[in-house]
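**Student:** My structure is below; once you've seen it, I'll send some questions.
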Amino acid sequence: MTQTRPPAEVPAPARPWHATQAPPRPKPLTTLVATATSVAALTLLVALGEWSHQVLLIPPLAASMALIAGASQTPLGQPRSVIGGQLVSALTGFLVLAVLGQGVWSSGIAGGLALGAMLLLRVAHSPAAATAVIVAATAPSTGPFLALLAAATVLLVLVGLVGNRLNRQAYPVYWW
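Letter 59 of the sequence shown, counting from 1, is numbered 58 in numbering that gives the first Met the number 0, and no numbers are missing.
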């Protein structure tokens, strides 16, 4: 009885070191609409903040909007993760603040713990870890901060919904 050898695998051609595996660049119109959506949402937060004499735009929300407008198909950009992740992280920051007090050490711990809390609750949203850091570093008033954060994240999702519809992208992939 003769044994048959498996066919020899042909090695894939070597890729030049400079060749990218990055996804293709989006179409110009897609980029334009995503950019305009992001600018509209963030400047709307600024305008509402000026009108109400409150700070609505914090840096993590700009990163959240980047995910909503530019990576809307990912789990990190879904409304559940954006809104839930930001609120869970803020609450984590307030918990750390209550136990350890305000400071840079508390901020580092809050940011790390926020990731764990988000993962446990299935609302992972990377920009939100920075919200926990901000809370532990600045010690804002709990009620107003949470209310403004909730309103701001809902507004970002709503503007993102419009922008993604204009871009003919199904958003959200899931709500909850």
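Quick reminder that beta carbons are idealized off the backbone N, C-alpha and C, glycines included. Please read these numbers as outputs of a predicted model, since none were measured by experiment.
1) Where does the unbroken alpha helix (DSSP H) through W104 begin, and where does it stop?
2) V45: which of L96, Q72, A61, L145 sits nearest, CA to CA?
3) Determine the DSSP secondary structure at G100, reduced to helix, strand or coil.
4) By DSSP, does V9 sit in helix, in strand, or in coil?
5) Apart from the five residues on each side of it in sequence, which residues of its chain come closer than 6 Å, Cβ to Cβ, to S71?
6) Could you name the residues of the same chain whose beta carbon sits closer than 6 Å to that of L47, not counting the 5 residues immediately before and after it, in chain order?
7) In whole angstroms, what is the alpha-carbon distance linking L94 and P15?
8) Grouping DSSP H, G and I as helix and E and B as strand, with all else coil, what is W16?
9) In the structure shown, what three-state DSSP assignment does N163 receive?
10) Just mark A109 as buried or exposed, buried being the case when its beta carbon has 16 or more other beta carbons within 10 Å.
11) For T141, collect the residues of the same chain with a Cβ closer than 6 Å to its Cβ; drop the 5 residues on either side in sequence, then sort them by chain order.
12) Quick one: is Q101 near chain C, going by C-beta distance under 8 Å?
13) Mark V134 as exposed unless 16 or more other C-beta atoms lie within 10 angstroms of its C-beta, in which case mark it buried.
**Tutor:** Answer, in terms of the structure:
1) 103 to 120
2) A61
3) coil
4) coil
5) N163, Q168, Y170
6) L55
7) 50 Å
8) coil
9) helix
10) buried
11) F93
12) No chain C appears in this structure, which consists of one protein chain only.
13) buried
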